[in-house]
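For the sequence shown, our numbering begins at 6 and goes up steadily by one.
Here's the structure, in structure tokens; my notes come after.
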Amino acid sequence: MLVHAHPDDETITTGGTIAKYAAAGASVTVVTCTLGEEGEIIPPELDQLGAWAGDQLGGYRAGELAAAGAALGWTRHRYLGGIGRWRDSGMAGTASAAHPRAFVNGEREEQAEQLLTVLDELRPEVVITYDAFGGYGHPDHIRAHEITMAATSRARSVRRVLHTVASSDATARGLAELRRERGLPWRVADDGELPVVADEHITTTVDVTESLPAKFAALRAHATQVHVREPAFALSNDIAQPVPSAEYFVLAAGNGEGAEEDIFGGLTS
């Protein structure tokens, strides 16, 4: 099971892993905590969907998420508390965080219980979410981390919790390769600009080479949020980011023995 804050997070950070294990026959569930209502919108013709205008972006992104799920092949999807229960809080310090349904305004215990209900129903052995910094500091990512750690500590089926992270070394290699690409329509991120984790902290490296076509298809499904030009993608800031052939995780709970290259490695019945 993977717990993510907004539509597109599941694809950007863990899309290759989702596709790899789904193709191998694993039962893969994605839980999304909000509809991403506060996201910036890339296509100009869809701008009026934004929270500043028609405020219809959340529903539109639900459709994008469904298309991404079809591309990645996950088994099932759930919205935390039901679709529309929690709203995208936006970045720290923005007015959107004051919305009464903003994810960060909810009671952590209520949200953790909602997630625990899903965990108890579906009984996953491995759960993936963000680290305590939320990957890059987004308040909704941090809240997703908090409730996942709380809920998994009470879920009997969960044997391993992993945090999705970006590898410092792989990111540096990917950026170097992008700088040699001709015709990229975006600026390539500077060294140190993207959030990464030092490789000595990484406990699991999943080879997703064969899953990259599915990941790129899912990235394209999130068209309000993501530009794609292989081998890169960019968000609305027009900064090119690489798509590595592996995805990286740090053990957060449970026994990590055998998990160096397989999120289920070392887990026996």
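Cβ coordinates follow ideal geometry from the N, Cα and C atoms, glycine included.
Can you round the beta-carbon distance between residue i and residue j to whole angstroms, since I take them to be within the 8 Å contact cut?
i	j	result
residue 35	residue 15	5 Å
residue 39	residue 108	5 Å
residue 293	residue 183	For residue 293 there is no data in the structure shown, the boundaries of the chain being 6 and 274.
residue 223	residue 191	So it is not a contact: roughly 20 Å between Cβ atoms.
residue 246	residue 217	No, residue 246 and residue 217 are not in contact; Cβ-Cβ is about 14 Å, not under 8 Å.
residue 102	residue 111	No, residue 102 and residue 111 are not in contact; Cβ-Cβ is about 12 Å, not under 8 Å.
residue 153	residue 8	5 Å
residue 69	residue 219	Between residue 219 and residue 69 the Cβ distance is about 15 Å, and since that is not below 8 Å, they are no contact.
residue 173	residue 203	5 Å
residue 165	residue 258	7 Å
residue 175	residue 129	With a Cβ gap of about 26 Å, residue 175 and residue 129 do not count as contacting.
Over the uninterrupted beta strand (DSSP E) stretch that includes residue i, give me the two end residues.
i	result
residue 133	131 to 134
residue 90	First-last for residue 90: undefined, no H or E at that position.
residue 252	251 to 259
residue 244	244 to 247
residue 238	237 to 239
residue 34	34 to 37
residue 82	81 to 84
residue 227	Where residue 227 is concerned, there is no enclosing beta strand (DSSP E), given that its DSSP letter is neither H nor E.
Where residue i and residue j are concerned, what is the direct C-alpha to C-alpha distance, given to the nearest angstrom?
i	j	result
residue 252	residue 213	7 Å
residue 134	residue 53	31 Å
residue 120	residue 260	22 Å
residue 237	residue 105	37 Å
residue 21	residue 266	14 Å
residue 232	residue 72	16 Å
residue 256	residue 88	30 Å
residue 114	residue 43	24 Å
residue 185	residue 93	37 Å
residue 179	residue 230	21 Å
residue 235	residue 78	21 Å
residue 90	residue 55	18 Å
residue 193	residue 181	9 Å
residue 262	residue 99	42 Å
residue 83	residue 37	6 Å
residue 201	residue 19	15 Å
residue 61	residue 145	19 Å
residue 273	residue 122	24 Å
residue 243	residue 59	24 Å
residue 197	residue 11	25 Å
residue 47	residue 228	7 Å
residue 187	residue 163	46 Å
residue 85	residue 126	13 Å
residue 75	residue 32	14 Å
residue 291	residue 206	Look at the range of the chain in this structure, 6 to 274, and you will see that residue 291 is not part of it.
residue 137	residue 17	18 Å
residue 264	residue 57	45 Å
Between which two residues does the alpha helix (DSSP H) holding residue i run?
i	result
residue 273	First-last for residue 273: undefined, no H or E at that position.
residue 212	Premise fails: residue 212 lies in the beta strand (DSSP E), 209 to 212, not in any alpha helix (DSSP H).
residue 7	It is not in any alpha helix (DSSP H) - residue 7 instead sits in the beta strand (DSSP E) that spans 7 to 9.
residue 269	It is not in any alpha helix (DSSP H) - residue 269 carries neither H nor E in the DSSP assignment.
residue 296	This structure cannot settle anything about residue 296, because the visible part of the chain is limited to 6 through 274.
residue 67	62 to 77
ask   = Which ranges would you report for the alpha helix (DSSP H) in the stretch 100 to 188 if only whole runs of at least 4 residues count?
value = Runs found: 113 to 127, 144 to 157 and 173 to 184.
task = Assess, as a yes-or-no matter, whether the stretch 22 to 29 is touched by the stretch 141 to 156 under the definition of 3 or more beta carbon pairs within less than 8 Å.
result = At 8 Å Cβ cutoff, the stretches do not touch.
query = Within the chosen definition, does the stretch 163 to 182 reach the stretch 114 to 133 through at least 3 CB pairs nearer than 8 Å?
reply = At 8 Å Cβ cutoff, the stretches touch.
query = On the three-pair Cβ rule with 8 Å, is the stretch 53 to 66 touching the stretch 205 to 219?
reply = Contact check between the stretch 53 to 66 and the stretch 205 to 219: fewer than three CB pairs, one atom from each, fall below 8 Å, which does not count as touching.
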